[in-house]
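Undergrad: My structure is below; once you've seen it, I'll send some questions.
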Amino acid sequence: MATSRKKKDEIESLKKLADQLALKPVCVWDQLDQPGRREAENLSREYIEFLSRAKTERAVVREVARWAIGRGLADLSQTDGLKAQKGGFLVHHGKMAGLYAPGQKSPAEGFNLIVAHGDSPRLDLKPRCVYEETAPGFGMLRTNLYGGLKKFQWLSRPLALWGFCALKDGRTVDIVFGEDPQDPVLTIPDLLPHLDRKAQRDKKISEAIVADKMNLLAASIPLGTAEDKDRLKLAVLKILHDRWGLVEEDLISAELEIVPAGPARSVGLDSSLIGGYGQDDRLPVFASLKALATARPIRPALFIVYDREEIGSYGSTGASGNFVEHLAARAFEAAGLPPHWDKVRLALQKTWAISADVEPAVDPDYKEVHEELNSGHMGRGPCLVRYTGGTGKYGASEAGAEYVAKIRGALAQAGVLWQSSITGKQEEGGGGTVALYLAAYGMHIVDFGPPVLAMHSPFEISSKADLLMTARAYAAFFSLS
Ligand code: MN
Ligand code: MN
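In structure tokens form, the structure reads like this:
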């Protein structure tokens, strides 16, 4: 009797010790009461609509600008140093956006900054894209890969065309084709399995699909009569002209993007997940806007949506540029401070930042590529990632321990559920975010975003519970002082 009680006490005290000492994974769903679950569902509904509307980097920036204007924020490119009491926004080249929300403290003391990106892997149309294949009888469109995508995922599925054309006379034309359920869609037909042995099946998966064979079916009704030439190419050009007033040369100054057609959806028998294109990195964009709407910043807040992240952050709208300096300078002006560069740079050095990018979730069918103890698990909240990069931490802007501790403190205070992760096993690949470009200013920055399954696919998967916790986590960060 006595020994069994002793045994029971031992087990009890070990359990207490474990509760006290060990970090245990927490399933967000276990911790959400009914109102919490309802909040996750309502937020997801709004997010699914956002994701379905914002299918290109320009569309994301339009959503951000609309959000800002709807809240009475000033266009900081127009204020000429006038105070923007409620804060302001800045759009660069229609593809990169910044927001500023004043806090109780001066911008000179540093900002709380969240950066995300609005571009996602996709197919672009080449500048000269219209051609025809006469024997099968198709007017076709040539594509160009953008970002790290798995080519086979884009074949034999409904695709939509989102375009922006700039004309010689200064006019611009916006195109959305294939999204309205009444619209036709575009598609790239894959080769049938009966005849694919030499062309595809016996090859490595990365070589089985050739990028320059990923061409879209655009038309099959020829113009004119059998004696006429280029009848199918002309058929395509005529439609481009009739619908949008374009001629072939206009396509050279156009950004024509091919994305999966149709809206984002709830996923799972229990509807607990969200499926849709472009969640990398539009989930963090949406969560940041939600966070800004509820946060009461003490230190002034900045939010940036970069473009070009998926191809290395190069270009005039990428994070390798100095947009953050200009946004910070406009924030100085809005607060009535002269935007001297040394002061602005000093403020950036004192800035605390989050690179709000999604993280790979442990794939239930490919657990072997993850080091499970240090991987992001769906449904356990956003992932705090001290370092990204490849094997040996190459290319990583590792966050300092003091800063990670500060973030932990803010999350604990706000009751946010989160997890710690790094990207996959060593020597298995790797990946980076924009964090290193911001770290170059000397600011503290850490990667922090929700886990996503099937990342870079036409149908990425996230968790409604993680969306809720990510929005709460970013709000806690904006309130950090
Ligand atoms: Mn990303
Ligand atoms: Mn990505």
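Under this note's numbering, the first residue of the sequence shown carries the number 71, and numbering increases by one thereafter.
Note that the Cβ used here is the ideal one computed from N, Cα and C, for glycine as well.
Does Ala431 pass the burial test, meaning 16 or more other C-beta atoms within 10 Å, or should it be called exposed?
TA: Counting other Cβ atoms within 10 Å of its Cβ, Ala431 reaches 16 or more and is therefore classed as buried.
Undergrad: Among Arg132, Arg107, Ile118, Tyr544, which residue has its Cα nearest to the Cα of Pro367?
TA: Measuring from the Cα of Pro367, the nearest candidate turns out to be Tyr544.
Undergrad: Taking DSSP's pairing of strands, which residues face Tyr376 in a bridge?
TA: Per DSSP, the beta bridge partners of Tyr376 are His187.
Undergrad: With distances taken Cα to Cα, identify the nearest neighbour of Ala484 among Glu116, Tyr384, Thr540.
TA: Thr540
Undergrad: Compare the beta carbon distance of Gly345 and Ile118 with 7 Å and say whether it is the shorter of the two.
TA: no
Undergrad: If we ignore side chains and look at the alpha-carbon of each, how far apart do Ala138 and Asp412 end up?
TA: 28 Å
Undergrad: CB Val504 to CB Ala357, shorter than 7 Å?
TA: Here Val504 is not near Ala357, since their CB atoms are 7 Å or more apart.
Undergrad: Going along the chain, which residues of its own chain have a beta-carbon closer than 8 Å to the beta-carbon of Ala475, five neighbours each way excluded?
TA: none
Undergrad: By Cβ distance, which residues of its chain are closer than 7 Å to Asp189, with the 5 residues on each side in sequence left out?
TA: Excluding the 5 residues flanking it on each side, Asp189 has same chain C-beta neighbours closer than 7 Å at Glu127, Asp377, Arg378, Glu379, Glu380, in chain order.
Undergrad: What first and last residue would you give for the alpha helix (DSSP H) that runs through Asp517?
TA: No alpha helix (DSSP H) contains Asp517, which is instead part of the beta strand (DSSP E) from 514-519.
Undergrad: Taking Gly391 as the reference, which of Ala509, Asp312, Val522, Asn285 has the closest Cα?
TA: Ala509
Undergrad: Just confirm the distance between the C-beta atoms of Leu538 and Ala124, as a whole number of angstroms; I'd bet it's less than 8 Å.
TA: So it is not a contact: roughly 19 Å between Cβ atoms.
Undergrad: Between the beta-carbon of Asn182 and the beta-carbon of Arg456, is there less than 7 Å?
TA: no
Undergrad: Excluding the 5 residues flanking Gly217 on each side, which residues of the same chain have their C-beta closer than 8 Å to its C-beta?
TA: Asp189, Ser190, Pro191, Arg192, Glu380, Ile381, His526
Undergrad: What I want to know is whether the C-beta of Asp427 ends up closer than 6 Å to one or more non-hydrogen atoms of ligand 1.
TA: Result yes, Cβ under 6 Å from ligand 1.
Undergrad: What residues in its chain sit with their C-beta under 8 Å from that of Arg271, if we drop five residues either side in the sequence?
TA: Pro263, Ala278
Undergrad: Could you pull the start and end residues of the alpha helix (DSSP H) that Phe548 belongs to?
TA: 534-548
Undergrad: Heavy atom of ligand 1 less than 6 Å from the Cβ of Asp377, yes or no?
TA: no
Undergrad: Tell whether a beta-carbon distance below 7 Å holds between Ser605 and Gly173.
TA: Look at the range of the chain in this structure, 71 to 551, and you will see that residue 605 is not part of it.
Undergrad: For ligand 2, list every residue whose C-beta falls under 6 Å from any of its heavy atoms, going in chain order.
TA: Asp350, Glu380, His526
Undergrad: For Leu416, tell me which candidate among Ile424, Ala399, Val428, Ala404 has the shortest Cα-Cα distance.
TA: Ala399
Undergrad: Unbroken alpha helix (DSSP H) runs of length 4 or more, entirely within the region 271-344: which are they?
TA: 275-278, 301-314
Undergrad: Quick one: complete beta strand (DSSP E) runs, 3+ long, within the region 139-163?
TA: 158-162
Undergrad: Are the CB atoms of Trp224 and Ala535 within a distance shorter than 7 Å?
TA: No; because the gap between Cβ atoms is not below 7 Å, this pair is not in contact.
Undergrad: Near Leu326, which residues of its chain fall below 6 Å by C-beta distance, leaving aside the five closest residues on each side in sequence?
TA: Hits under 6 Å: Leu195, Gly233.
Undergrad: Need the endpoints of the beta strand (DSSP E) that Tyr170 sits in, please.
TA: 166-171
Undergrad: Closest to Leu229 by C-alpha separation, out of Ile258, Asp145, Ser276, Ala281, would be which residue?
TA: The residue with the shortest Cα to Cα distance from Leu229 is Ile258.
Undergrad: When you compare each of Glu442, Asn444, Leu286 to Leu215 by their alpha carbons, which one comes out closest?
TA: Leu286
Undergrad: Leu550 and Ala480 - do their beta-carbons sit closer together than 7 Å?
TA: Their beta carbons are under 7 Å apart, which means Ala480 touches Leu550 by this criterion.
Undergrad: Please classify Val243: does DSSP put it in a helix, a strand, or coil?
TA: Val243 falls in the strand class under three-state DSSP.
Undergrad: I need the DSSP call for Val134, collapsed to helix, strand or coil.
TA: Val134: helix per DSSP, three-state reduction.
Undergrad: Any chance the region 150-159 sits against the region 310-330, with 3 or more Cβ pairs inside 8 Å?
TA: The region 310-330 and the region 150-159 do not touch, with fewer than three beta-carbon pairs separated by less than 8 Å.
Undergrad: Check whether the Cβ atoms of Met513 and Ala423 lie closer than 7 Å to each other.
TA: yes
Undergrad: Which residues bound the beta strand (DSSP E) around Pro197?
TA: 192-203
Undergrad: Is DSSP giving Thr421 helix, strand or coil here?
TA: coil
Undergrad: Using DSSP bridges, identify the partner residues of Cys235.
TA: Val243, Ala324
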